[in-house]
Amino acid sequence: MTKALTILIWLAVSVVMFAIISLPVSLQVHLVTAAVLILAMAVIKILKLDGNWRLLLLTFGTVIVLRYAFWRTTSTLPPLDQWGDFIPGVILYLAEMYCIMMLFLSVFVVIKPMPSRPSMKLAKDDAVPTVDVFVPTYNEDYDLLAGTLAAAKAMDYPSDRFTVWLLDDGGTDAKRNNADPDVAAAAHERYELLRRLCEELDCRYLTRAENDHAKAGNLNNGLAHSSGDLIAVFDADHAPARDFLQETVPYFARDDRLFLVQTPHFFLNPDPLERNLRTFEVMPSENEMFYGVIQRGLDRWNASFFCGSAALLSREALEVTGGFAGRSITEDCETALELHSRGWNSIYVDKPLIAGLQPATFSSFIGQRTRWAQGMMQIMLFSFPLFKRGLKIPQRLSYMSSILFWLFPLPRMIFLFAPFCYLFFDLQIFTASGEEFAAYTLTYVLVNLVMQNSLFGRWRWPWISELYEYIQSVHLLGALLSVVRNPTKPTFKVTAKDESVDKSRLSELSRPFYLIFLLLIIALGMTIYKIGAEPYRAEVTMVVGGWNILNLILAGCALGVVSERREFRTGRRIEVERRCEMRDADGNWVKGTIINVSSGGLAVRLPNGSAGLGRGAPSAIRFNTLTPVDSNELKLFVRSTISEGKGAILGARYMPERGQDYRLIADLLYANSSTWQLRQRSRQINIGVVRGTLQFLAMALYQTGRGLGYLLRFGSPSSSGAAND
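If you use our numbering, the sequence shown corresponds to residues 420 to 1144, in order.
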């Protein structure tokens, strides 16, 4: 009875809503109504009203968005008989309807995100399940793997109840017996080095005959050789904190149909946009919107999915589907979709419990996103979630939101080049006056910004999503079309890890961005020309020209993204405060404080001078570890000395020689997850639509100049000239 009543209420609301948005009103009435609703939304936002007030804000926004969609559908499409205008006009219309659909899907997903779950601990009477920890690897460096394995081995869990496995696809039998002697020798050397490392760290080393089915096949090989109740998966560059298992294992004792506990991915280094625009320290990272709010929204609908790493899974559930899915190149989401459709549950724990590395160069970033986009398109073609049996309606909508998002390159490129239809070819693809365009389109854009800021403001600043989508779309569009042509063609490509940019340069993928920028400049000139040559159409020309200028601002900012800044470090320093002792030039131990750490070194404050240690001096440090170790002495190499009053700050590089040394490094960098939480929270500030827009405009202006400056300094992007910066 209650369900039927709910359906009737929703039908009644829908009828009233349709009546409102389809009501014929004058342009002035629409403007006044939109202004009143926008003002009400602004008041709710400024006063930071939550709960039902937030729903009211979204309702007001929905009215304006739907009113715009109705107007676009009924009043702006070119006549059917004018096919030269009609075809591009419909293409633009469909791109806009896609964006409106994605807006409403995202509103549905995050309308009421699951609150952050409190920490759980195993009860005294709870069984302590066995855990197999999988670290799949293909071509990652020894030092990177050593840090991840050491951190995994140091997790706070009964040592006889978990086993750490290094699943090595870089030392397979096929590689070690390759016909090319150099390839075979490199694979054999890797095989021996990693086996020895695993022995030193008390981990298990496992390889296979050949790397069939890429990462999914590697994980399934691990399943076949292990027997733990639960499976923890960490990418080779994702090192867990000590409390990872303590924070995730207890959920499986509360739900016997639970197949997944997923945690967020936290990164120690900036992505190319953050590094080249220098926003990493002050602005929320791109992934924080997904892990900070979208995954919590998916969790509300039992649709949070496996993200390939930083997760704990049930072996029993994986055996139902024959292991990790491998039909697509995004085995993580595909695996979750299959298990959700079979009635299994997932949980998302919104607490960073791993620290990883993300691509540092623009080309590696695009390579990673290409795999994600192509994999999601494969899932859409192979297992269309909207009609997949076993899923509940909210799960269907949630998966459709996650998958359809990756179609963004198509509308983004349409919006980029649509103004050219009018400016260069005089096509009338949007039949509206300047007044109508301003009244409907500008209010729609403004409301969209307010709604997005209301939903994601703490995790994504205004216009940053548009910039991320643009820099990816230029290269992802072709990749998506290739999947449509041949869904089985894409293959899994490992994302480059532990990169550095030792010289300033133009990215090898930067050429299209400069060409597009040039086209937009020409279009700006064409706008000015048409205003003078056709004054009777100046109103429409100015509207289209304004659209082109918005594209120009985004394109100019993107020039800064593909202008790679010099940066040696793969990871940024994380501030800590840990008491230590450092060996001075005479071999004595001097008390000090470790003030920051990174994956490559640390800084120590010594209160009474540099203790005779200068640049290039060997030394050692010891400190109280959070994890029991046999020896707490770590060798260092002093790289810098800075005076500070009577004391000094020494910058030093780690000099690891054995597995034990990597345990000490992992204890410094990865053991305490609360450090990462504090760092995230310090950046998660909602700066609002107005301030965010002004800040983006200033950044875009500066980055446009910097990008053009790099072009003058380094010449053609294809030559990839480089210089110290």
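Built from N, CA and C at the ideal position, the CB exists for glycine as well.
Keep in mind the model is a prediction, meaning the values are calculated, not measured.
Burial state of residue 729 (16 or more Cβ within 10 Å):
Buried.
In angstroms, rounded to a whole number, what distance separates the CA positions of residue 775 and residue 810?
The straight-line gap from Cα to Cα measures roughly 32 Å.
Is it true that the CB of residue 768 sits closer than 8 Å to the CB of residue 536?
In contact: residue 536 and residue 768 (Cβ atoms closer than 8 Å).
Run of the beta strand (DSSP E) containing residue 773, from where it starts to where it stops
In the DSSP annotation of this structure, the continuous segment of the beta strand (DSSP E) that includes residue 773 starts and ends at 773 to 775.
Endpoints, the alpha helix (DSSP H) within which residue 738 is located
Where residue 738 is concerned, the enclosing alpha helix (DSSP H) stretches over 734 to 739.
Less than 8 Å between the beta carbons of residue 735 and residue 744, yes or no?
Taking 8 Å as the cut-off, the beta carbon of residue 735 is found no closer than this to the beta carbon of residue 744.
Check the C-beta distance from residue 1022 over to residue 1068 and give it rounded, since I have them as a contact under 8 Å.
Taking C-beta atoms under 8 Å as the contact rule, residue 1022 and residue 1068 qualify, at a distance of about 6 Å.
Selection from 645, 1087, 976, 638 that minimises the alpha carbon distance to residue 580
For residue 580, the closest alpha carbon among the candidates 645, 1087, 976, 638 is that of 645.
Looking at the strands, I want to know which residues DSSP matches up with residue 802.
Bridge partners of residue 802: none, in fact.
Is residue 554 helix, strand or coil by DSSP?
Strand.
Is it true that the segment 1063 to 1080 meets the segment 1019 to 1033, where meeting means three or more beta-carbon pairs spaced less than 8 Å apart?
Touching, yes.
Can you check whether the CB of residue 648 is closer than 8 Å to the CB of residue 577?
Against a cut-off of 8 Å, the Cβ pair of residue 648 and residue 577 comes out as no contact.
Segment limits, beta strand (DSSP E) that includes residue 765
Taken as a continuous stretch (DSSP letters only), the beta strand (DSSP E) holding residue 765 covers 764 to 767.
So which of 691, 861, 651, 470 has the shortest CA-CA distance to residue 919?
For the residues 691, 861, 651, 470, the minimum Cα distance to residue 919 belongs to 691.
For residue 707 and residue 879, what's the separation of their Cα atoms in angstroms?
Our two residues, residue 707 and residue 879, have alpha carbons roughly 8 Å apart in a direct line.
Taking residue 869 as the reference, which of 526, 991, 591, 1042 has the closest Cα?
526 is the residue among 526, 991, 591, 1042 whose C-alpha sits nearest the C-alpha of residue 869.
To which residues of the same chain is residue 541 closer than 6 Å at the C-beta, ignoring the five residues directly before and after it?
Hits under 6 Å: 669.
From what residue to what residue does the beta strand (DSSP E) around residue 1054 run?
Counting along the chain, the beta strand (DSSP E) containing residue 1054 begins and ends at 1052 to 1063.
Would you kindly check if the distance between the Cβ of residue 1005 and the Cβ of residue 1031 is under 8 Å?
Yes, Cβ-Cβ distance for residue 1031 and residue 1005 is below 8 Å.
Reduced DSSP category for residue 547 - H, G, I as helix; E, B as strand; rest coil
If DSSP states are grouped into helix, strand and coil, residue 547 belongs with coil.
Is residue 716 near residue 529, with beta carbons less than 8 Å apart?
The answer is yes: Cβ separation under 8 Å.
Drop a sphere of 10 angstroms on the beta-carbon of residue 815, count the other beta-carbons inside from all chains shown, and report buried for 16 or more, exposed for fewer.
So residue 815 ends up on the buried side.
Got a sec? Which residues, its chain only, sit under 6 Å from residue 950 by beta carbon, not counting five neighbours each side?
The residues are 957, 960.
Return the chain-ordered list of same chain residues with a C-beta closer than 7 Å to the C-beta of residue 1139, the five sequence neighbours on each side being excluded.
Caution applies to residue 1139, whose pLDDT of 46 falls short of 50 and renders its modelled position unreliable; the value that the coordinates give is listed next. Excluding its 5 nearest sequence neighbours in each direction, residue 1139 has C-beta neighbours in its own chain below 7 Å: 924, 925, 927, listed in chain order.
By DSSP, does residue 445 sit in helix, in strand, or in coil?
Residue state for residue 445 is assigned as coil, using DSSP reduced to three classes.
Could you round the C-beta distance between residue 653 and residue 773 to whole angstroms and report it? I think they count as a contact, below 8 Å.
With 8 Å as the limit, residue 653 and residue 773 qualify as a contact, their Cβ atoms being about 6 Å apart.
Roughly how many angstroms lie between the CA atoms of residue 560 and residue 726, to the nearest whole one?
So the alpha carbons of these two residues sit roughly 23 Å apart.
Return the residue from the list 702, 1119, 566 that minimises the CA-CA distance to residue 658.
That would be 566, whose Cα lies nearest to the Cα of residue 658.
Quick check: the segment 445 to 464 against the segment 475 to 487, are at least 3 beta-carbon pairs closer than 8 Å?
The segment 475 to 487 makes contact with the segment 445 to 464, as at least three CB pairs between them are under 8 Å.
Span separating the alpha-carbon of residue 963 from that of residue 838:
CA-CA distance, residue 963 to residue 838, rounds to 6 Å.
With 16 other CB atoms within 10 Å as the buried threshold, where does residue 634 fall?
Note on residue 634: 16 or more other CB atoms within 10 angstroms of its CB, so buried under the neighbour-count rule.
Would you tell me roughly how many angstroms separate the C-alpha atoms of residue 538 and residue 689, rounded to the nearest one?
The straight-line gap from Cα to Cα measures roughly 28 Å.
Exposure label - residue 1088; buried when at least 16 CB within 10 Å:
With 16 or more other Cβ atoms within 10 Å, it is buried.
Of the residues 695, 853, 550, 770, the one placed nearest residue 732, counting alpha carbons only:
Per the Cα distances, 550.
Segments assigned alpha helix (DSSP H), at least 4 residues, entirely inside the segment 576 to 633:
Correct list: 592 to 595, 600 to 620.
Between which two residues does the beta strand (DSSP E) carrying residue 849 extend?
Run containing residue 849: none; DSSP gives neither H nor E here.
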